[in-house]
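If you're matching positions, the sequence shown starts at 34 in the working numbering and goes up one per residue.
Notes follow the structure.
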Amino acid sequence: MRGWFVRGDVDGFFALALDNFVQLLLIDALCRFVLGFPEEMVSGRILPGVAISLIIGNFFYAWQARQLMEKTGRTDICALPYGINTVSLFAHIFLVMLPAKFAAQAAGAPDPALVAWQAGLVACLGSGVIELVGAFLAEPLRRSTPRAALLSTLAGIALGFISLGFLFRTFAHPLVGFLTLAIVLLVFFGGVRFKGGVPGGMVAVAVGTAVAWATGLAPVGDQPAWAGIALPQPWLGDLVAGVAAGSLVSYISVILPMGLFNVVGSLQNIESAEAAGDSYPTAPSLAVNGIGTIAAAFFGSCFPTTIYIGHPGWKALGSRAGYSILNGLFMALVCITGTLGLLAWAVPVEAGMAIVIWIGLIIAAQAFQATPTKHAPAVVVGLLPGLAAWGVLMAKGGLRAAGMGPPGPPFSEDLIAKFQASDLYMVGGFALEQGFIFTSILWAALTVAIIEREFRKAALWALAGAALSSVGLMHSYQITPGDVVVKLAFAGPWVWGYLGVAVVMLLAPYLTEPEPEGAGHGVLPEEL
Numbered sequence: 034m035r036g037w038f039v040r041g042d043v044d045g046f047f048a049l050a051l052d053n054f055v056q057l058l059l060i061d062a063l064c065r066f067v068l069g070f071p072e073e074m075v076s077g078r079i080l081p082g083v084a085i086s087l088i089i090g091n092f093f094y095a096w097q098a099r100q101l102m103e104k105t106g107r108t109d110i111c112a113l114p115y116g117i118n119t120v121s122l123f124a125h126i127f128l129v130m131l132p133a134k135f136a137a138q139a140a141g142a143p144d145p146a147l148v149a150w151q152a153g154l155v156a157c158l159g160s161g162v163i164e165l166v167g168a169f170l171a172e173p174l175r176r177s178t179p180r181a182a183l184l185s186t187l188a189g190i191a192l193g194f195i196s197l198g199f200l201f202r203t204f205a206h207p208l209v210g211f212l213t214l215a216i217v218l219l220v221f222f223g224g225v226r227f228k229g230g231v232p233g234g235m236v237a238v239a240v241g242t243a244v245a246w247a248t249g250l251a252p253v254g255d256q257p258a259w260a261g262i263a264l265p266q267p268w269l270g271d272l273v274a275g276v277a278a279g280s281l282v283s284y285i286s287v288i289l290p291m292g293l294f295n296v297v298g299s300l301q302n303i304e305s306a307e308a309a310g311d312s313y314p315t316a317p318s319l320a321v322n323g324i325g326t327i328a329a330a331f332f333g334s335c336f337p338t339t340i341y342i343g344h345p346g347w348k349a350l351g352s353r354a355g356y357s358i359l360n361g362l363f364m365a366l367v368c369i370t371g372t373l374g375l376l377a378w379a380v381p382v383e384a385g386m387a388i389v390i391w392i393g394l395i396i397a398a399q400a401f402q403a404t405p406t407k408h409a410p411a412v413v414v415g416l417l418p419g420l421a422a423w424g425v426l427m428a429k430g431g432l433r434a435a436g437m438g439p440p441g442p443p444f445s446e447d448l449i450a451k452f453q454a455s456d457l458y459m460v461g462g463f464a465l466e467q468g469f470i471f472t473s474i475l476w477a478a479l480t481v482a483i484i485e486r487e488f489r490k491a492a493l494w495a496l497a498g499a500a501l502s503s504v505g506l507m508h509s510y511q512i513t514p515g516d517v518v519v520k521l522a523f524a525g526p527w528v529w530g531y532l533g534v535a536v537v538m539l540l541a542p543y544l545t546e547p548e549p550e551g552a553g554h555g556v557l558p559e560e561l
């Protein structure tokens, strides 16, 4: 292993391992407390699958970096960072597994948690297949969809499903929350580092943990028993059961766009590495990313992996190939030795949630920074459906907190009238929630086309909206006793709406003319 490790790999390992460890804490907390999964399912099935996926990717990208070193004769090559996909983690929890559990409860299934886990496996497999196929189609995909549309969709998810929920939690526990958030903002936005080269994320988690213990926020509950060693094993029967139950069809509006996002996001990170001087081949890099996700599904994990953003940062730390190997080994040991529960007991989510908020902020900021300035309105348009979907999720959570849904009074059509009496048009909210990722892409892309005065292209995006709505992948919903879920059926009003938009766009060249130069064209006056 001579030459595989340098001093900078230690700093890189702490930064990447901390990021991945936060993801494990989130998986543990969300699976047990949001989805209600038993401990055995988390530590005995999901985490060993995570271990397999992390080993595959981290080891490959370390080997790939070494190959590039030998090919170029350079010693400053940094491996592509890799780990659990944060956005997909939240999407699979809240948009696939939680709805699957509610649907199973409403149908009287004997084990709703098992149904939810199987749906997550299917979603993970679907994402991996899309990533693998996309490895050979990534560039045309990237060229066909405006960057503003892709990044704004991610930003909406990041702000709603990642940052805002943890922002609530930050203000619920301000001493821990404010201190850790201040440290994260100081280091990651202030352009400074702690003396001695101690990673800022590590400082934030250490301070948060210490304050949590000092104030009684930690430890979290009673000290758990050691879960024991759980070696990875295939769960193909459950994967097949999830497919047979229709999970692929039911959640295709989440699986398809999330898989595409993973492809395009990873492609952009490969381009970022090339800009930093490390040129990696696209197809094998993306293909192994997909293989890691498929392996995760086969071995029990519901959570895709991805090539992380931030390669230039890890390279600046002096990391090369070894940090990736160290990360894969450490995270795999945590996953299979049954120690995550003990670590989660000792290190509360509050200690690391500032980093998660920062991730959401970075994703949202990137949507504006990495797109042309004149496309900023399109980014804002693309943000709205994700934020709306999160708001609807909160509204439904509020209803359940008030006792509605099994075993209490069921959800019913009366809810719509009651919401509307308070001037809240939940017909639109429920319609936005279903397939909101498609909605975000379409409306942001349509807005980009309008800004560029490519009205025929805008009409095509509107027609795509009509097509997706006509088969129920967008806007079509049904109210079940415990939830409001997608209904794969003709969404008439929205189909006609999109067709109307297409007509407007097609007529625009004949009924309008460009404004004179300097008249604004959607840009705020400079003095504002």
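From the three backbone atoms N, C-alpha and C, an ideal C-beta is built for every residue, glycine too.
Bounding residues of the alpha helix (DSSP H) (the contiguous stretch that carries residue i)
i	result
G562	Here the chain covers residues 34 to 561 and nothing more, so residue 562 does not appear.
I369	355-369
P81	80-105
S185	180-190
C24	The requested residue 24 does not occur in the structure, where the chain is confined to residues 34 to 561.
G323	315-331
V217	207-223
L376	373-379
Beta-carbon proximity of residue i to residue j, cut-off 8 Å
i	j	result
A478	Y510	no
V382	A124	no
F452	T513	no
I470	L200	no
G292	E72	no
T272	L154	Looking at the sequence itself, residue 272 is Leu, so the reference to Thr does not match. Against a cut-off of 8 Å, the Cβ pair of L154 and L272 comes out as a contact.
A237	A245	no
K520	G498	no
S286	I79	no
V129	A95	no
F336	Q266	no
V209	A365	no
S280	A133	yes
K597	C64	With the chain running from 34 to 561 in the structure shown, residue 597 is simply not present.
T338	A329	yes
A397	L264	no
G515	Y341	no
M538	A524	no
T472	V380	no
A188	I369	no
Opening and closing residue of the beta strand (DSSP E) in which residue i lies
i	result
I340	338-340
Local conformation of residue i per DSSP, three classes
i	result
P267	coil
P542	helix
G249	coil
Q138	helix
L51	helix
L197	helix
G261	coil
S334	coil
V129	helix
C64	helix
F46	helix
T108	coil
W347	helix
R202	helix
P547	coil
S312	coil
G254	coil
L561	Caution is warranted here: a pLDDT of 40 is assigned to L561, below 50, making its placement in the model unreliable, and the coordinate value is therefore given only provisionally. Residue state, collapsed to three classes: coil.
F123	helix
P173	helix
Open item on the list: So within the region 445-528, which uninterrupted alpha helix (DSSP H) runs reach at least 4 residues, ignoring any that extend past its ends?
Closed with: 447-454, 459-466, 469-484, 488-503
Open item on the list: Under 8 Å, with one C-beta from each stretch per pair, do the region 422-433 and the region 456-472 reach the 3-pair mark?
Closed with: yes
TODO: Give a yes or no on contact between the region 395-414 and the region 180-189, applying the rule of three or more CB pairs nearer than 8 Å.
DONE: The region 395-414, when compared against the region 180-189, does touch it at the 8 Å Cβ threshold.
TODO: Mind the definition here: the region 528-547 touches the region 153-165 only if three or more C-beta pairs lie below 8 Å; say whether that holds.
DONE: These segments do not touch.
Task: Complete runs of the alpha helix (DSSP H) confined to the region 387-449 [at least 4 residues] - done: Taken in chain order, the whole alpha helix (DSSP H) runs of length 4 or more contained in the region 387-449 are 409-434.
Open item on the list: For the region 221-231 against the region 397-406, do three or more pairs of beta-carbon atoms, one drawn from each stretch, fall closer than 8 Å, so that the two count as touching?
Closed with: no
Task: Completely contained alpha helix (DSSP H) runs for the region 270-310, where each covers 4 or more residues - done: 280-283, 285-308
TODO: Inspect the CB distances between the region 289-305 and the region 134-153 and report whether three or more fall short of 8 Å.
DONE: no
Open item on the list: Check whether the region 76-89 and the region 119-137 are in contact - that is, three or more C-beta pairs closer than 8 Å.
Closed with: Contact between the region 76-89 and the region 119-137 is not established, with fewer than three Cβ pairs separated by less than 8 Å.
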